[in-house]
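Residue numbers (the working numbering): 97 to 374.
Encoded as structure tokens, the structure appears first; notes follow it.
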């Protein structure tokens with residue numbers, strides 16, 4: 097165990113502990129937040145950081161530290177849920193497209209290419225404008241937007257092994273398509289799928305933050321980081337902390353996730369980058 101830890105690059109190890117700390121804080125958020133994140137006038141509006149309010153207060157007198165800490169929970173829950181949903185659907189489509197080939201592969205890829213051609217943020221805003229912006233709809237929309245890119249990555253990884261001898265042997269034995277995909281192919285591209293999950297998680301955190309900033313994220317009074325940045329921008333000339341605190345929390349988490357992803361990709365040998373293809 098110690099030998100494995102020593103073999104990990106120090107930046108990646110530090111980043112892994114930071115990500116773990118975010119998860120722990122999100123799970124135990126009420127223990128760390130001294131105030132109700134929705135309670136107004138718990139202090140003077142736009143008060144600077146001090147003993148009573150570690151990161152100051154916003155324009156409504158709400159404690160910024162409590163809102164940032166409690167805001168980690170919806171951000172992580174929505175991001176991980178969207179990433180899991182997107183990877184589950186995208187990986188399944190990519191596996192079947194590579195294995196079945198033919199018209200199914202061509203039709204599916206052309207449809208996914210059409211979705212990829214639309215800018216992600218514009219597509220997200222269009223969907224949420226029509227359907228609403230509840231937390232569940234945000235998760236489903238973000239997952240839907242990321243499915244095409246994940247499917248293409250998994251398809252490419254599967255095409256590299258679909259002609260291997262053990263796959264040909266399984267075909268001659270009459271292995272059913274579902275067993276072929278989930279028993280023979282899936283374990284051999286699992287590394288790529290795990291890296292893609294980590295890559296997409298970082299991208300989705302920023303994407304959900306952008307939606308919240310533009311008014312398409314979780315509805316108020318949810319203390320979501322993107323919403324907090326949007327609320328604080330009107331008073332940024334008076335107090336920087338209502339904007340800086342959630343922005344820094346988001347940036348540190350995403351950078352840490354990218355470092356962890358690079359370390360995972362290096363060990364698996366997929367050659368993927370932590371910079372998502374948007």
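We treat Cβ as the ideally placed atom computed from N, Cα and C, and that holds for glycine.
This structure is a prediction, so every number in the text was calculated from the model and none was measured.
Residue i (DSSP reduced to helix, strand or coil)
i           : result
residue 148 : coil
residue 153 : strand
residue 131 : coil
residue 168 : helix
residue 320 : coil
residue 313 : coil
residue 369 : With a pLDDT of only 42 at residue 369, under the threshold of 50, the placement of this residue in the model should not be trusted; the figure read from the coordinates follows. Looking at residue 369 - three-state DSSP - the assignment turns out to be coil, as it is neither helix nor strand.
residue 228 : coil
residue 270 : coil
residue 250 : helix
residue 136 : coil
residue 73  : Nothing can be reported for residue 73: it is not among the residues displayed for the chain, which extend from 97 to 374.
residue 257 : coil
Bounding residues of the alpha helix (DSSP H) (the contiguous stretch that carries residue i)
i           : result
residue 158 : Run containing residue 158: none; DSSP gives neither H nor E here.
residue 122 : 106-123
residue 332 : Per DSSP, residue 332 belongs to no alpha helix (DSSP H) and is neither H nor E.
residue 398 : In the structure as shown, the chain begins at 97 and stops at 374. Residue 398 is therefore absent and cannot be evaluated.
residue 348 : 337-364
residue 205 : 198-212
Close beta carbons around residue i, own chain, < 6 Å, minus the five adjacent residues each side
i           : result
residue 133 : 162, 163, 166 and 319
residue 372 : Residue placement at residue 372 is poorly supported in this model, since its pLDDT is 46, which falls under 50; the coordinates still yield a value, given next. So the qualifying residues of the chain are 295 and 299.
residue 185 : 243
residue 112 : 356
residue 201 : 193
residue 305 : 321, 322 and 346
Reference residue i, options the options, closest by Cα
i           : options               : result
residue 328 : 338, 286, 271 and 252 : 338
residue 313 : 268, 233, 358 and 353 : 233
residue 123 : 107, 153, 145 and 171 : 171
residue 135 : 181, 157 and 119      : 157
residue 119 : 151, 353, 269 and 208 : 353
residue 180 : 246, 272, 191 and 258 : 246
residue 322 : 265, 340 and 236      : 340
Cβ-based neighbour list, residue i, same chain, cut-off 7 Å, excluding 5 preceding and 5 following
i           : result
residue 107 : 355
residue 205 : 193
residue 289 : 183, 187 and 250
residue 324 : 163, 167, 338 and 342
residue 297 : 175, 176, 179 and 353
residue 347 : none
Sequence-distant residues of the same chain with beta carbon closer than 8 Å to residue i, five excluded per side
i           : result
residue 98  : A caution first: residue 98 carries a pLDDT of 47, below 50, which makes its placement in the model unreliable, though a value can still be read off. Excluding residues within five positions, none has a Cβ falling inside 8 Å.
residue 227 : 233 and 237
residue 364 : 287, 288, 290 and 291
Cβ of residue i within 7 Å of any chain C Cβ
i           : result
residue 300 : Checking the listed chains, one finds no chain C in this structure; it contains a single protein chain.
| message | Tell me whether the stretch 117-135 and the stretch 290-303 touch, counting them as touching only if at least three CB pairs, one residue from each stretch, are closer than 8 Å. | response | no
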